[in-house]
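Numbered by the numbering used here, the letters in the first sequence go through residues 50 to 448 in order.
Heads up, the thing below is written out as structure tokens.
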Amino acid sequence: MSKLDKIFDSVGKRSLFKEKKILQSNYSPEDIPHRDKQIEQVASVLAPCLLGEKTSNLFIYGKTGTGKTLSVQHVTNELLKRANEEKILRVEYLNCKLKKVADTEYRILAELIKKMGGSVPATGLPTDQVYLKFLEILEKSDEKLLILVLDEIDQAVKKISDEFLYNLTRINSELNNTQIIVVGISNDLRFLDMIDQRGRRSLSEEEIVFPPYNALQLQEILRMRSDGAFKDKVVSDGVIAKCAAFAAREHGDARRALDLLRVAGELAEREANPKIEMKHIDNANDKIERDKILDIIETEPKQFQLVLYSIFELTSKDDGGIYTGDVYMHYQELCKRVNIDCLTQRRVGDIIAEFDMLGIINARVISKGRHGRMREIKLAIPESIVERAKGILDGALEF
DNA sequence: CGAGATTCATGTGAAGTATACCTTTAGGCTTAA
DNA sequence: AAGCCTAAAGGTATACTTCACATGAATCTCGTA
Numbered sequence: 050m051s052k053l054d055k056i057f058d059s060v061g062k063r064s065l066f067k068e069k070k071i072l073q074s075n076y077s078p079e080d081i082p083h084r085d086k087q088i089e090q091v092a093s094v095l096a097p098c099l100l101g102e103k104t105s106n107l108f109i110y111g112k113t114g115t116g117k118t119l120s121v122q123h124v125t126n127e128l129l130k131r132a133n134e135e136k137i138l139r140v141e142y143l144n145c146k147l148k149k150v151a152d153t154e155y156r157i158l159a160e161l162i163k164k165m166g167g168s169v170p171a172t173g174l175p176t177d178q179v180y181l182k183f184l185e186i187l188e189k190s191d192e193k194l195l196i197l198v199l200d201e202i203d204q205a206v207k208k209i210s211d212e213f214l215y216n217l218t219r220i221n222s223e224l225n226n227t228q229i230i231v232v233g234i235s236n237d238l239r240f241l242d243m244i245d246q247r248g249r250r251s252l253s254e255e256e257i258v259f260p261p262y263n264a265l266q267l268q269e270i271l272r273m274r275s276d277g278a279f280k281d282k283v284v285s286d287g288v289i290a291k292c293a294a295f296a297a298r299e300h301g302d303a304r305r306a307l308d309l310l311r312v313a314g315e316l317a318e319r320e321a322n323p324k325i326e327m328k329h330i331d332n333a334n335d336k337i338e339r340d341k342i343l344d345i346i347e348t349e350p351k352q353f354q355l356v357l358y359s360i361f362e363l364t365s366k367d368d369g370g371i372y373t374g375d376v377y378m379h380y381q382e383l384c385k386r387v388n389i390d391c392l393t394q395r396r397v398g399d400i401i402a403e404f405d406m407l408g409i410i411n412a413r414v415i416s417k418g419r420h421g422r423m424r425e426i427k428l429a430i431p432e433s434i435v436e437r438a439k440g441i442l443d444g445a446l447e448f
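So this is what it looks like as structure tokens:
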């Protein structure tokens with residue numbers, strides 16, 4: 050038997066998981082604990098769909114990992130089950146945050162059309178043409194109602210404008226056979242302030258707030274899921290408590306807690322440890338954070354990478370705070386070295402703002418009086434990750 | 001000494017430009033009756 | 001004559017640039033105590 054065979058054979062025996070997918074974030078369990086009230090609310094708002102009536106638009110707030118998406122999916126799935134024979138209902142889910150997929154008005158519509166079975170080119174069409182196409186497809190479809198779930202809608206509105214929401218709700222008046230129900234999901238509780246009166250009136254006819262889970266609730270969730278996901282005696286109570294504590298610190302993010310547990314399991318499995326131990330949780334915490342950031346950095350376009358790289362280098366030199374101007378000068382040198390066209394300072398300023406939004410840096414505008422006004426930039430990621438990130442950028446930029 | 005004017009370096013908004021891509025249209029070519 | 005292909009024309013979204021004005025506290029100015 051070859052070495053590889055041994056490795057392959059041992060995988061099955063050694064595995065700590067029974068059903069790993071239960072811990073994955075897109076898994077939707079039968080029971081959603083501690084969200085009964087919210088689920089009931091969602092359901093009661095959407096229930097008239099079963100009769101083919103257009104219901105109120107729905108607006109859902111809550112921080113990440115508070116079960117918003119899950120609850121909505123749960124309710125819509127049940128609705129679909131009920132409505133199945135009559136084909137009156139259709140549900141489309143779209144995450145507005147996905148870069149390059151759904152972060153502009155045009156792309157959101159294009160993505161919706163694609164999901165409904167049509168196709169639109171990536172560019173070139175006027176936006177109102179795309180609207181028309183969307184209308185057309187809606188009119189052709191058999192279903193009387195379309196429930197449009199727009200996740201992270203605050204991101205979209207921040208980038209586009211609240212016109213978009215208004216347009217969406219206005220579509221209904223131009224439709225004869227079909228009606229749209231918009232379900233907006235927002236992580237930002239201040240989202241309402243951003244949309245104007247007109248959009249507000251038409252969009253948030255109903256609102257539901259999802260509170261964060263507390264540590265006890267998180268524990269219960271983790272316990273339920275881990276029972277199904279892991280084999281017996283892999284996870285101890287202490288481990289679950291620790292996961293919950295970690296996640297509770299992050300404003301009760303259940304998704305985070307589940308990821309933590311899953312990754313910890315993978316780590317333990319990899320070192321052939323039959324139990325998950327405390328250290329695995331710590332390692333998993335690092336790994337998740339690291340992977341998330343590295344993934345962002347890796348997929349960012351070259352110019353963004355260059356800007357980030359110069360921030361890294363300036364930070365490691367550490368001569369007090371670093372400011373937009375410093376970054377831009379350093380960036381220009383880098384451009385020369387790599388032989389890439391330089392962007393203007395205006396644009397680089399915007400790029401820095403985008404990194405701020407992504408949470409990789411903290412940039413706040415300060416005024417140094419006579420010495421002008423600028424952004425003070427600080428890295429928002431731990432030193433260990435910066436080193437890895439620099440490594441990746443070194444490779445990607447081919448110094 | 002202190003109120004108000006000045007100043008700096010960039011923030012920020014709006015408008016313009018380049019690029020890549022789309023549809024429409026007209027002309028040229030092929031094909032088949 | 002009908003059908004098909006191709007290229008040009010006219011149009012758009014997006015990423016970026018250019019232009020112009022806004023900011024806000026350290027610093028300067030100058031009148032006053």
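Glycine is no exception: its CB is placed at the ideal position from the N, C-alpha and C atoms.
The model shown is predicted, which means the values in this text are computed figures rather than measured ones.
Check, Outcome
"Flag this pair as yes or no: are the beta carbons of Q352 and I400 separated by less than 8 Å?", "yes"
"By the three-class DSSP mapping on this structure, what secondary structure does I234 have?", "strand"
"Span of the alpha helix (DSSP H) holding A296?", "286-298"
"Looking only at C-alpha atoms, which of A317, D390, E432, I186 sits nearest to E362?", "E432"
"Given a cut-off of 8 Å on the beta-carbon distance, is the pair E425 and G370 in contact?", "yes"
"Mapping DSSP to helix, strand and coil, what is I56?", "helix"
"Where does R84 land, buried or exposed, given buried means 16+ other C-beta within 10 angstroms?", "buried"
"May I have the straight-line CA-CA distance separating T471 from N225, to the nearest angstrom?", "Only positions 50 to 448 of the chain appear in the structure, and residue 471 is not among them; the question remains open."
"Can you tell me where the alpha helix (DSSP H) with V169 in it begins and where it stops?", "Neither: V169 is in no alpha helix (DSSP H) and is coded neither H nor E."
"Would you say Q122 and F259 are within 8 Å of each other, going by their C-beta atoms?", "no"
"Short of 7 Å in beta carbon distance, which residues of its chain neighbour K70, apart from the five on each side in sequence? Order them along the chain.", "Y76"
"I need the straight-line Cα distance from H329 to N411, nearest angstrom please.", "29 Å"
"For V397 versus V356, is the C-beta spacing smaller than 8 Å?", "yes"
"Under the three-state reduction of DSSP, which class applies to L194: helix, strand or coil?", "strand"
"I need the DSSP call for L407, collapsed to helix, strand or coil.", "helix"
"Hey, would you say G101 sits closer than 8 Å to K193, going by beta carbons?", "yes"
"So, E298 versus R437, is the Cβ gap smaller than 8 Å?", "According to the sequence displayed, residue 298 carries Arg and not Glu. No, the Cβ-Cβ distance between R298 and R437 is not below 8 Å."
"Answer yes or no: do S359 and H379 have a C-beta to C-beta separation smaller than 8 Å?", "yes"
"Compute the Euclidean distance between the alpha carbons of E255 and A317, then round it to the nearest angstrom.", "45 Å"
"How big is the Cα-Cα spacing for G277 and T115?", "21 Å"
"Just checking my contact of L138 with I196 at CB under 8 Å: how many whole Å lie between their CB atoms?", "7 Å"
"Of the choices I109, I346, E447, whose alpha-carbon is the least far from that of V232?", "I109"
"Taking the alpha-carbon positions, what's the F66 to D281 distance?", "9 Å"
"Should S51 go down as buried or exposed, given a rule of 16 or more other Cβ atoms within 10 Å for buried?", "exposed"
"Quick one: Cα of G421 to Cα of G374, how far?", "11 Å"
"By how many angstroms is the C-alpha of E223 removed from the C-alpha of I409?", "43 Å"
"Starting from the C-beta of R387, find all residues in its chain whose C-beta is less than 8 Å away, skip the five residues before and the five after it, and write them out in chain order.", "Before going on, a small fix: residue 387 reads as Val here, not Arg. So the qualifying residues of the chain are L355, L446, E447, F448."
"From the DSSP output, read off the bridge partner residues of S416.", "R422"
"Beta carbon of K417, beta carbon of I230: below 8 Å?", "no"
"Does Q73 come out as helix, strand or coil in the three-state DSSP assignment?", "coil"
"Is N236 closer than 8 Å to V112 when the C-beta atoms are compared?", "First, the amino acid is wrong: residue 112 is Lys here, not Val. Yes. Within cutoff."
"If contact is defined by three or more beta carbon pairs under 8 Å, each pair taking one atom from either stretch, is the segment 167-182 in contact with the segment 197-206?", "no"
"Provide the residue span of the alpha helix (DSSP H) that contains R272, from first to last.", "264-278"
"Under the rule that 16 or more other beta-carbon atoms within 10 Å means buried, what is P261, buried or exposed?", "buried"
"What do you get for M406, buried or exposed, if any count of 16 or more other CB atoms within 10 angstroms of its CB means buried?", "exposed"
"So, with DSSP's three-state summary, where would you put L42?", "The question about residue 42 has no answer here: the residues shown for the chain are numbered 50 through 448."
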